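Q:
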Amino acid sequence: MGQLLRSVAQGDRAAFRAVYEQAGPTLFGICSRILRDRAAAEDAFQEAMLRIWQKSYLYDPAKGAALNWMVTVARRVVLDRLPARRSSPVALTDESVASAIDALSRQSPGDPSLAPDLRKCLGLLEQNYRQSVLLAYYYGLSYEELAAHSAVPVGTVKTWIHRAVESCSYV
Numbered sequence: 074m075g076q077l078l079r080s081v082a083q084g085d086r087a088a089f090r091a092v093y094e095q096a097g098p099t100l101f102g103i104c105s106r107i108l109r110d111r112a113a114a115e116d117a118f119q120e121a122m123l124r125i126w127q128k129s130y131l132y133d134p135a136k137g138a139a140l141n142w143m144v145t146v147a148r149r150v151v152l153d154r155l156p157a158r159r160s161s162p163v164a165l166t167d168e169s170v171a172s173a174i175d176a177l178s179r180q181s182p183g184d185p186s187l188a189p190d191l192r193k194c195l196g197l198l199e200q201n202y203r204q205s206v207l208l209a210y211y212y213g214l215s216y217e218e219l220a221a222h223s224a225v226p227v228g229t230v231k232t233w234i235h236r237a238v239e240s241c242s243y244v
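Next up, the structure:
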């Protein structure tokens, strides 16, 4: 997909169509999961695809896979929209968190949004670290929402996520 993205950077519309068809379902899935509203997800997805078209020249294959770069673009678009959409913290129950973690663990190995190395790393983490990472990065919850859910200070949640990311960098 890296070559397609490089062609998009040169203005190749056919390459953009191929990128849209190949990466679109994954990117829309990310928008939907985080925003939890189909109309908002469609708007965010459209904006993400526009940014990919406009900024594809910034993609550097030396820094990672093309799909990972596009996922980052989509996540940034979605996360930029969250403060405007959320007026109160997300209500999370222990059951909903457990169900989300269970759903992630059953995803197909081909899902690029949860790569095998990430799954391996998550399996090695303590429960509070794993839960915080999943809810922050995969579902877009803020530190404040995570702290409220876990009944711990915001600084503790930040430390958990920092330590989790640090320990995963060695996997």
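Mapping of the sequence shown onto our numbering: position 10 corresponds to residue 83, and the numbering continues sequentially without gaps. All C-beta atoms, glycine included, are put in the ideal place defined by N, C-alpha and C. Bear in mind the structure is a predicted one, so any value in this text is a computation, not a measurement.
1) CB Val144 to CB Leu198, shorter than 8 Å?
2) Have a look at Phe118, Gly84, Ser205 and flag the residue whose alpha-carbon is nearest the alpha-carbon of Val73.
3) With DSSP run on the structure shown, which of helix, strand or coil describes Arg228?
4) By how many angstroms is the C-alpha of Val227 removed from the C-alpha of Glu218?
5) Just to confirm, are Arg148 and Ile103 a CB contact at a threshold of 8 Å?
6) Looking at the structure shown, is Ser105 part of a helix, part of a strand, or coil, going by DSSP?
7) For Gly281 and Ser240, what's the separation of their Cα atoms in angstroms?
A: Short version:
1) Looking up residue 144 in the sequence shown gives position 71. Looking up residue 198 in the sequence shown gives position 125. No, these two residues do not count as a Cβ contact at 8 Å.
2) For residue 73 there is no data in the structure shown, the boundaries of the chain being 74 and 244.
3) For the purposes of this step, residue 228 is taken as the residue at position 155 of the sequence shown. Per the sequence presented here, residue 228 reads as Gly, with Arg not at that position. Annotated three-state conformation of Gly228 is helix, per DSSP.
4) The residue labelled residue 218 in the question sits at position 145 within the sequence shown. The residue labelled residue 227 in the question sits at position 154 within the sequence shown. Straight-line spacing of the CA atoms in Glu218 and Val227 works out to 9 Å.
5) The residue given as residue 148 occupies position 75 in the sequence shown. The residue given as residue 103 occupies position 30 in the sequence shown. In this structure, Ile103 lies closer than 8 Å to Arg148 by Cβ.
6) For the purposes of this step, residue 105 is identified with residue 32 of the sequence shown, where counting begins at 1. For Ser105, the secondary structure class from DSSP, reduced to helix, strand or coil, is helix.
7) With the chain running from 74 to 244 in the structure shown, residue 281 is simply not present.
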